[in-house]
Amino acid sequence: MSSIAIASSDDCRPGTCRPDQTCCPTNIPTIFGCCEYEDAVCCADRIHCCPKDTVCDLEKAACFPKMKEVNKLESFNVLEKRRGALDEVKPSRKKMCDETTYCPYSSTCCTSVDGSYDCCPYPFASCCPDRLHCCSHGSECDSSSQYCIEEDDGHATISELKEPAMEIDPADLV
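Going by full-length UniProt numbering, the sequence shown wraps up at 174, each residue one higher than the last.
Have a look at this one:
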């Protein structure tokens, strides 16, 4: 789940956001923001957004794939494809946070509020002081941890909520 960057525009006219971003409404009337995902889903809280073909789960602070109806033959093929994708994940493609938890390789391990680890979806990310949010490489968290300030131009974007790190399967350690 990503945060929406504030754009000082009163509508989503062309040029409000970069071409690889999506314009979303914010909680500030007449102010729109830029989501880091192209063709994104703007979440109902008007603070976060999710990638295309996902849905916002604000309670879990996460994005989940849209569920689609498939017939039984298709569901078998989908299951086989999923198994294949899982089999392709190798231990070397995991970013180890500590001895028992990891994040996807292209993400960053950040300490969570309870002292465990969460995953920021960006490589070389900045972990925010609130231990709930993070910012992409090249930007820093503001003092509220709600916004990321880009180092090169000072542009502000809404910070990203992190996902919990995954536990290592003991079978992988054999």
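In this text, a Cβ means the ideal position worked out from N, Cα and C, and glycines have one as well.
All figures in this text were calculated on a predicted structure; none of them were measured in a lab.
1) Candidates S139, T54, C109: which alpha carbon is nearest P65's?
2) By a C-beta neighbour count over all protein chains shown, 10 Å radius and 16 as the cutoff for buried, is A40 buried or exposed?
3) T111 bridges to which residues according to DSSP?
4) Within this structure, are the beta carbons of Q21 and C42 separated by less than 9 Å?
5) Quick check: the Cα distance between S139 and D169, rounded to an integer number of angstroms?
6) Using CA atoms only, rank isn't needed, just tell me which of C97, V113, D114, S112 is closest to S106.
7) Locate the beta strand (DSSP E) running through G154, then write down its first and last residues.
8) Between the Cα of E160 and the Cα atoms of T16, E99, P51, which residue gives the shortest distance?
Inspection of the coordinates gives the following:
1) Selected option, being the one with the closest Cα: T54.
2) Around the beta carbon of A40, a 10 Å sphere encloses 16 or more other beta carbons of the protein chains shown; the residue is thus reported as buried.
3) Looking at the DSSP output, T111 sits in a beta bridge with Y117.
4) Cβ distance not < 9 Å, so Q21 and C42 don't count as in contact.
5) 34 Å
6) C97
7) Annotation for G154: no beta strand (DSSP E) segment contains it, and DSSP assigns it neither H nor E.
8) P51
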